[in-house]
Each structure stands twice: as C-alpha cells, then as structure tokens.
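K.L.:
As numbered in the UniProt record's numbering, residues 1 to 379 make up the sequence shown, in order.
Got a structure for you, written out below as structure tokens; questions coming shortly.
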Amino acid sequence: MVAAAATARPPPRISAPWLRHGHVSPLRPSTGRPLAVLTVVAASRRSPGDGGKKVAKKRRRRATEADREDGLSVGSEMATKNSTPRAKVDNGSLKPAPESSIAPKDSAIRRVALVVIAAVLFGVSIALKEGVEKASEYFAGYLLEQSLSVDNLFVFILVFKYFKVPQENQNRVLSYGIAGAVIFRAALIILGVATIQSFEAVNLFFALILLFSSYKLFAGSDEESDLSDNFIVKTCQKFIPVTDYYDGDRFLTNQDGLLKATPLLLTLAVIELSDIAFAVDSIPAVFGVTRDPLIILSSNIFAISGLRSLYVLISESMSELEYLQPAVGIVLGFIGTKMIFDFCGYHIPTEASLAIVTTCLSGGVILSLRKASTEERDK
Numbered sequence: 001m002v003a004a005a006a007t008a009r010p011p012p013r014i015s016a017p018w019l020r021h022g023h024v025s026p027l028r029p030s031t032g033r034p035l036a037v038l039t040v041v042a043a044s045r046r047s048p049g050d051g052g053k054k055v056a057k058k059r060r061r062r063a064t065e066a067d068r069e070d071g072l073s074v075g076s077e078m079a080t081k082n083s084t085p086r087a088k089v090d091n092g093s094l095k096p097a098p099e100s101s102i103a104p105k106d107s108a109i110r111r112v113a114l115v116v117i118a119a120v121l122f123g124v125s126i127a128l129k130e131g132v133e134k135a136s137e138y139f140a141g142y143l144l145e146q147s148l149s150v151d152n153l154f155v156f157i158l159v160f161k162y163f164k165v166p167q168e169n170q171n172r173v174l175s176y177g178i179a180g181a182v183i184f185r186a187a188l189i190i191l192g193v194a195t196i197q198s199f200e201a202v203n204l205f206f207a208l209i210l211l212f213s214s215y216k217l218f219a220g221s222d223e224e225s226d227l228s229d230n231f232i233v234k235t236c237q238k239f240i241p242v243t244d245y246y247d248g249d250r251f252l253t254n255q256d257g258l259l260k261a262t263p264l265l266l267t268l269a270v271i272e273l274s275d276i277a278f279a280v281d282s283i284p285a286v287f288g289v290t291r292d293p294l295i296i297l298s299s300n301i302f303a304i305s306g307l308r309s310l311y312v313l314i315s316e317s318m319s320e321l322e323y324l325q326p327a328v329g330i331v332l333g334f335i336g337t338k339m340i341f342d343f344c345g346y347h348i349p350t351e352a353s354l355a356i357v358t359t360c361l362s363g364g365v366i367l368s369l370r371k372a373s374t375e376e377r378d379k
C-alpha cells in the first residue's frame with residue numbers, strides 16, 4: 001500500500017486556464033472564496049500523508065500564487081469583454097446596441113461653432129480692410145440671412161415628414177440641397193446686383209416683396225402642414241416618375257428595367273424649389289442692407305453652410321421658438337421700409353439697421369426660450 005502510494009502519480013493541479021477552457025466547472029464564487037479555492041483544495045488533497053505538512057504548505061502557496069496570476073488574466077479578459085457595447089436581443093437575434101445620439105449632436109455643435117467663428121473672422125477681416133461700415137453691413141446681412149435660413153428649417157421638417165424620409169438619409173438630402181442653394185443664390189445675387197444697378201426702381205419691387213412677406217408672417221399664414229396639395233410637390237410628382245419605395249440612399253433606381261427616381265430625389269427637388277421660393281424673400285432683404293455683391297454673397301454662403309448642422313441641433317425643438325417668426329416678420333418689415341426710404345433719399349445708417357436686426361432676432365429667441373421654460377416648470 002505504501003509503495004503503491006509512493007509510486008502513484010499525483011493528480012494534475014486544477015488551474016484557472018482549465019476553468020477558462022471549460023475542462024472543469026467552477027464552483028459559484030462566494031464572499032471570501034476566490035476561484036483559486038479549487039486549486040488549493042486539490043493541492044492539499046494530494047499531500048503524501050499527515051507528515052508532509054511543510055511540503056503541502058509550499059505546494060498550496062505555489063498553487064495560490066499561480067492561480068492569482070491566472071486570476072488576473074481572467075479578470076483582464078473579463079474587463080475587455082465587458083468594455084464592449086452590449087447587444088440587445090430582438091426576435092431571438094443579437095443586434096448591436098444603437099450608438100448614442102449624443103455623438104452626432106456634439107459633432108453638429110462643433111461644426112456650427114466652426115462656421116460661426118469663420119463668419120466672425122471674415123467680418124473682422126472686412127473691418128480691417130474696408131472699414132467698420134462695411135463690416136456692419138456684412139454682420140447685418142449675415143444675421144438676417146441666418147434667421148431666414150432657420151425659418152426655412154420649418155419647411156424642411158414638413159417635407160421630410162411628408163415623404164417619410166429615413167433619419168439616416170436626411171443629411172444626404174440636406175448636403176445636396178445646400179450645395180444647390182449656394183449655386184442658385186450666387187447666380188441670383190449677381191443677376192440682382194446687375195438689375196439694381198441698371199434699374200433703381202427694382203428697389204421698390206423688392207421692398208413690396210418684403211412687406212408682403214412680413215404681412216404673411218403676422219397674418220399667421222404658416223406653411224402647409226399637409227403637403228399633398230402643395231404646388232411644388234404636385235409639380236414634381238407630375239414630371240418625375242417616382243417609385244413607391246426607398247432604395248437605401250440612392251436617388252435613382254432600376255425598376256422593371258426602367259430607370260426611375262426614388263422618393264429621395266423627389267424630396268431633394270421639393271427642397272431645392274422651396275429654397276428658391278425663400279430666396280425671393282431673403283435676397284431682397286440683404287439688398288436692403290447693402291449693395292456690395294461680395295458682402296451679399298459671403299453672408300449668404302456662411303448662413304447656408306451651417307444649415308445642415310443646425311438642423312440636427314434644433315429640428316426637435318423648432319416648436320419652442322414661438323416668437324422667432326414674428327421677430328423675422330418685424331425685421332422684414334423694417335428692411336422693406338428702409339428700402340423705400342433709401343429710394344426716396346432718406347438713408348438709415350447701417351449701424352442702426354444692425355442694432356434693430358440684432359435686437360429683434362435675439363429678443364424673439366429669448367422670449368421663446370423663456371416661455372418654453374415657464375411652461376415646462378408649470379407641468
């Protein structure tokens with residue numbers, strides 16, 4: 001018996017790698033009992049009798065140290081696994097959890113800030129080269145165009161809702177729409193400057209357009225919430241053959257061997273034509289502030305450039321800006337009146353125009369936010 005026990009091979013030490021690879025089912029760990037307890041127990045059981053306590057202690061100490069190192073590797077491996085995003089189960093299949101919406105908003109904030117900083121730096125450069133008066137004209141035109149561009153976002157939201165454009169495709173439509181708007185407005189500005197220089201009476205026509213637009217804003221003539229009877233939408237649907245489904249982010253698709261437009265292209269066409277309609281208001285408004293084509297074009301480009309990022313930020317809170325539309329109406333009425341005074345020989349200083357535009361727009365935004373916060377507290 002003694003010889004057999006002496007020659008018997010001791011059982012292998014159970015370590016953490018065996019546990020990791022599934023060779024041994026570990027005990028459920030409890031407080032004060034680590035996973036290495038199996039190794040300690042196994043080492044104590046393989047001691048050669050009661051007389052080998054010192055040897056057993058050494059073996060237990062070595063086993064504990066080895067399993068502690070293995071435990072560290074297990075812990076780091078578990079930490080690595082737990083650091084990955086969780087997945088959610090949907091109909092029995094694993095799908096990665098959606099990314100947080102904070103990241104796109106943070107990115108949009110950075111882009112808007114960069115555009116605003118670039119616009120301000122451009123205005124400072126105008127002040128250094130052309131003087132304070134030209135810089136005041138630029139900033140007045142920029143604020144006016146920016147406020148009118150924000151007002152355009154109401155229409156964009158209605159168009160996206162009407163055509164049920166997926167959220168991930170809206171930025172693509174806005175990118176192409178903004179690029180087209182810049183090209184069209186540049187052509188319209190060049191044509192408008194040439195027309196005004198040739199025919200001063202055109203100022204009266206532009207002034208009437210602005211006064212009528214101001215009246216529409218105060219009369220409550222909002223944009224249509226149902227676009228099914230909208231003239232632009234009906235015209236596009238009449239001349240553009242459109243499929244009844246979206247094909248990813250494509251504007252064109254092949255249906256039954258025929259090349260047809262997807263609803264995404266129809267949405268882009270409606271947004272482009274809507275921007276043209278808005279340009280009829282915004283371009284004359286800037287002409288009421290300055291006649292310098294460089295200032296008019298630059299203020300338009302900077303105002304439109306941040307429109308896509310601005311849409312991401314305020315598309316969900318548009319309804320809270322209740323007093324912005326009346327503020328824009330006041331500004332348009334003031335610019336229209338100023339153009340009539342200019343035609344009659346009474347010039348209003350550019351600094352005064354800038355102060356009035358800034359006060360009206362900032363006042364409309366502040367009053368809207370205060371009312372929204374008050375209603376939120378009352379709830």
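Ideal Cβ positions, reconstructed from N, Cα and C, are used throughout, including at glycine.
1. For the region 162 to 181 and the region 254 to 269, state whether three or more C-beta atom pairs, one from each stretch, are separated by less than 8 Å.
2. Since S373 contacts F122 with CB under 8 Å, what's their CB separation in whole angstroms?
3. Cα separation between E375 and Q167?
4. Mind reading off the beta-carbon distance from S149 to I304? Whole number of angstroms is fine, and I expect it under 8 Å.
5. Closest by CA to F156, which one among R308, L211 and E200?
6. Just how far apart, CA to CA, sit S147 and I240?
7. I'd like the span of the alpha helix (DSSP H) that includes T374, first residue to last.
8. Based on Cα-Cα distance, which residue from I295, A219 and I356 lies nearest to K129?
9. I need the straight-line Cα distance from R377 to A118, nearest angstrom please.
10. Do A285 and E200 have their C-beta atoms closer together than 9 Å?
11. Do G177 and E272 have their beta-carbon atoms positioned less than 9 Å apart in this structure?
12. Nearest by alpha-carbon distance to Y215: which of L369, H347, G333 and G364 is it?
13. Alpha helix (DSSP H) containing A207: first to last residue?
14. Nearest-angstrom Cα distance between F251 and N300?
15. To which residues of the same chain is E133 closer than 7 Å at the C-beta, ignoring the five residues directly before and after it?
16. Within the continuous alpha helix (DSSP H) that includes K338, where are the two ends?
17. Verify whether the separation of the beta carbon atoms of F278 and V115 is less than 9 Å.
18. Apart from the five residues just before and just after G210, which ones in its own chain have a Cβ nearer than 8 Å to its Cβ?
19. Check each candidate in A127, S198, F343 and Y138 and name the one with the smallest Cα separation from L354.
20. Assuming I189 contacts R291 under a Cβ cut-off of 8 Å, what Cβ separation, rounded to an integer in Å, is found between them?
21. Can you tell which of S175, N152, F206 and A194 has the C-alpha that lies nearest to the C-alpha of D342?
P.N.:
The short version:
1. Judged by pairs of C-beta atoms under 8 Å, the region 162 to 181 touches the region 254 to 269, as three or more such pairs exist.
2. So it is not a contact: roughly 34 Å between Cβ atoms.
3. Distance between the alpha carbons of E375 and Q167 is about 29 Å.
4. Rounded, the Cβ-Cβ distance is 6 Å, consistent with contact.
5. Taking only the C-alpha atoms, the option nearest F156 is R308.
6. Here the alpha carbons of I240 and S147 stand approximately 32 Å from one another.
7. Going by DSSP, T374 is part of the alpha helix (DSSP H) stretching over T350 to D378.
8. It is I295 whose Cα lies nearest to the Cα of K129.
9. Straight-line measurement puts the Cα of A118 at about 37 Å from the Cα of R377.
10. No; because the gap between Cβ atoms is not below 9 Å, this pair is not in contact.
11. Result yes, Cβ atoms of E272 and G177 sit closer than 9 Å.
12. Per the C-alpha coordinates, the member of L369, H347, G333 and G364 positioned closest to Y215 is G333.
13. A207 -> alpha helix (DSSP H) spans V202 to F218.
14. Pairing F251 with N300, the inter-Cα distance amounts to about 27 Å.
15. Only T350 meet the Cβ criterion.
16. Taken as a continuous stretch (DSSP letters only), the alpha helix (DSSP H) holding K338 covers L324 to C344.
17. The beta carbons of F278 and V115 sit no closer together than 9 Å.
18. It should be pointed out that residue 210 corresponds to Leu in this sequence rather than to Gly. Short of 8 Å from the beta carbon of L210, and not among the five residues preceding or following it, lie these beta carbons of its own chain, in chain order: D281, P284, A285, G288, L332, G333, I335, G336 and M339.
19. Checked all of A127, S198, F343 and Y138; the closest Cα to L354 is Y138.
20. Going by Cβ atoms, the distance from I189 to R291 rounds to 11 Å, so no, they are not a contact pair.
21. Answer by Cα proximity: F206.
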